[in-house]
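Just so you know, the sequence shown maps onto residues 231 to 599 in my numbering.
Each residue gets a CB set at the ideal place from its N, CA and C atoms; glycine is no exception.
Before any comments, here is the structure.
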Amino acid sequence: MSAQARRREPFDYVLLALALSLTALGVVMVYSASAISAEQTMGRPLYFVERQLAWAVVSLAAMAWVAKLDYNRLREWLVPIYGATAALLLAALFFHPIAGARRWIRLGPIGLQPAEFAKLTSVLFLASYLDKRHSKLNSPVGGLLVPLGVVGVLLLLIGKEPDLGTPALMFGVAVLVLFVAGARVRWIFAAVGAAVPVVAEELWRKPYRRARLMTFLSPFKNIRGTGYQLAQAILAVGSGGWFGKGLGASQLKLMYLPKPYTDFIFPVICEELGLVGALVVLGLFAALLLRGMRIARRAPNLFGTLLACGITFTITLQAFFNVAMAIGLLPTKGIPLPFLSFGGSSLLSTLTGVGVLLSISRQQRPEGT
């Protein structure tokens with residue numbers, strides 16, 4: 231099949247349906263989780279859902295635009311994309327901190343979080359580099375130090391915000407992409423081994439991170455102090471039963487947990503929609519993982535395969551981190567649930583990534599080739 235014929239292939243409509251379903255559910259759940267808080271803090275119950283809906287429209291438009299592009303052209307823009315991403319991450323460090331972190335760039339009423347876009351930039355660089363330098367993967371320099379070094383610049387800038395969860399996610403995705411590309415397993419294990427003491431030092435160096443780690447180990451030991459947030463989330467998850475209390479009936483959002491419409495929206499879903507609703511959400515992410523891997527497997531070149539793998543890993547691994555954090559399987563960290571948590575930068579980055587996957591799916595090879 232020629233490249234021209236591949237470009238006439240239709241989009242992967244299953245993937246598109248999954249993305250639209252998760253986005254629509256996200257708007258509904260943001261309204262349900264935020265209405266009372268918005269009424270009390272902003273004077274308007276629709277404040278947060280209106281913003282989420284506006285970002286959804288912008289993000290869907292970006293997804294549609296990217297989906298119509300030839301994804302191979304992204305390689306031509308790699309240098310300016312990487313430069314712009316690094317510049318935005320650096321600029322964020324000079325803006326006024328919010329909740330003790332310098333993660334946002336405020337442009338009037340609009341706030342951008344550059345780290346969300348750094349995830350896509352990292353994957354784009356790795357896919358392009360590992361495709362062009364595939365013959366050097368057996369070398370510890372060309373196959374490990376160089377790609378992780380370039381990605382490491384972004385991780386360092388994000389870590390200065392400070393933020394540990396996003397660099398951990400990006401590093402995990404980078405390791406997976408290196409493995410798919412065929413990098414030597416012993417070099418990958420060496421990179422992971424070198425990262426462990428760095429993460430341990432970062433966890434221990436900051437008092438609030440140590441407190442989160444202790445809370446993770448004993449969430450109900452200090453339920454009125456550092457363990458309050460996680461304990462409330464776990465109680466909400468368990469109280470939903472099989473079918474939940476009903477949409478809008480969550481008690482967690484009644485000022486028991488600060489901003490439940492952001493990183494802790496999954497416990498609200500569990501409380502209102504029950505185990506069945508939670509399984510539906512997890513099933514949608516599982517289906518997205520399978521669809522993304524199918525697109526990667528049928529991509530017409532290695533660049534497309536690695537790019538599809540990286541984007542799919544980013545979305546689904548982030549979802550796993552968020553859900554595991556919300557139910558006490560991982561220490562709490564500010565990682566949003568893709569599509570569902572309130573946040574324009576996260577939604578725009580996620581749906582732009584889906585747009586790239588749709589672009590790759592238009593040039594997919596037939597099954598069995």
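Discussion item. Rounding to the nearest angstrom, what Cα-Cα distance links Leu323 and Arg528 in this structure?
Written reply: 41 angstroms
Does Tyr243 pass the burial test, meaning 16 or more other C-beta atoms within 10 Å, or should it be called exposed?
exposed
* To do: Please classify Val309: is it buried, with 16 or more other beta-carbons within 10 angstroms of its beta-carbon, or exposed?
  => exposed
*asked:* Residues in the same chain with beta-carbon distance under 7 angstroms from Val257, minus the five sequence neighbours each way, listed in chain order, please.
replied: Val279, Gln282, Leu283 and Ala286
Go to Ile340, then tell me how far its beta strand (DSSP E) extends in each direction, as first and last residue. Ile340 to Leu342
### Query
Mind checking Ala233: buried by the 16 CB within 10 Å criterion, or exposed?
Low confidence applies to Ala233: its pLDDT is 45, below 50, so where it sits in the model is not reliable enough to give any reading.
Along the chain, where does the beta strand (DSSP E) containing Ile183 start, and where does it finish? The displayed coordinates of the chain run from 231 to 599. Any statement about residue 183 would go beyond what the structure contains.
Quiz prompt | Pick from Phe496, Leu342 and Ala265 that is closest to Ser579, judged by C-alpha positions | solution = Leu342
key: Contacts around Pro490, its chain only, beta-carbon distance under 6 angstroms, and the 5 residues preceding and following it disregarded   = Ala263, Leu482, Lys483 and Val498
Considering only DSSP beta bridges, list what Ile328 is partnered with.
Ala331
Review point. Are the beta-carbon atoms belonging to Leu255 and Leu570 less than 9 angstroms from one another?
Key: yes
- Message: For the segment 503-514 against the segment 462-472, do three or more pairs of beta-carbon atoms, one drawn from each stretch, fall closer than 8 angstroms, so that the two count as touching?
- Response: yes
- Task: Return the Cβ separation of Thr582 and Leu304 in integer angstroms, given the expectation that the two are a contact with Cβ distance under 8 angstroms.
- Result: Wrong, their Cβ atoms sit about 11 angstroms apart, outside the cutoff.
Q: Within its chain, find whatever has a CB closer than 6 angstroms to the CB of Gly585; leave out the 5 residues flanking it on each side and keep chain order.
A: Met293, Val296 and Ala297
### Query
Start and end of the alpha helix (DSSP H) containing Pro397?
Gly395 to Ala411
_So for Ser559, helix, strand or coil by DSSP?_
First, the amino acid is wrong: residue 559 is Leu here, not Ser. In the structure shown, Leu559 sits in coil (DSSP, three-state: anything other than H, G, I, E or B).
**Continuous alpha helix (DSSP H) stretch holding Gly468: start and end** = Tyr458 to Ser469
For this session: Rounded to whole angstroms, what's the CA-CA distance from Leu367 to Ser589? Just pull it up for me.
Result: 27 angstroms
Is any beta-carbon of chain B found at less than 9 angstroms from that of Phe543?
Given the protein chain composition of this structure (a single chain), no chain B is represented.
Worksheet entry | Selection from Leu252, Lys436, Ile541 and Lys390 that minimises the alpha carbon distance to Phe572 | Leu252
*Alpha carbon to alpha carbon, what distance is there between Pro530 and Ala235?*
Confidence is the limiting factor: at Ala235 the pLDDT is only 43, short of 50, which leaves the residue's position unreliable, though a coordinate-based value still follows. Approximately 12 angstroms between the Cα atoms of the pair.
Could you pull out every residue in the same chain whose Cβ sits closer than 7 angstroms to the Cβ of Pro413, ignoring the five residues on either side in sequence?
-> A quick correction: the sequence has Ala, not Pro, at residue 413. So the list reads Leu367, Gly373 and Leu374, once near-sequence residues are dropped.
Exposed or buried, Ser289, counting other C-beta atoms within 10 Å across all chains shown (16 or more means buried)? buried
Nearest to Ala348 by CA position, among Pro370, Gly313 and Ile340, is which residue? Gly313
Checklist entry - Can the beta-carbon of Phe543 be found closer than 9 angstroms to that of Val429? => result no
Shorter than 8 angstroms, the distance from the beta carbon of Ser571 to the closest heavy atom of the ligand HEM, or not? With respect to the ligand HEM, the structure offers nothing, as it holds no ligand at all.
| said: Report the start-end ranges of each alpha helix (DSSP H) in the segment 265-316 that is 4 residues or longer and not cut off at the edges. | reply: 277-297
inquiry  = Do Asp393 and Ala345 have their beta-carbon atoms positioned less than 9 angstroms apart in this structure?
reply    = yes
| query | Alpha carbon to alpha carbon, what distance is there between Ala357 and Gly330? | reply | 34 angstroms
Tell me which same chain residues have a C-beta within less than 6 angstroms of the C-beta of Thr492, skipping the five on either side of it? Ser571 and Phe572
Query raised in the report: Just checking my contact of Leu518 with Ile545 at CB under 8 angstroms: how many whole Å lie between their CB atoms?
Result: 7 angstroms
* Limits of the alpha helix (DSSP H) - the one that Ser576 falls within -> Gly574 to Ser591
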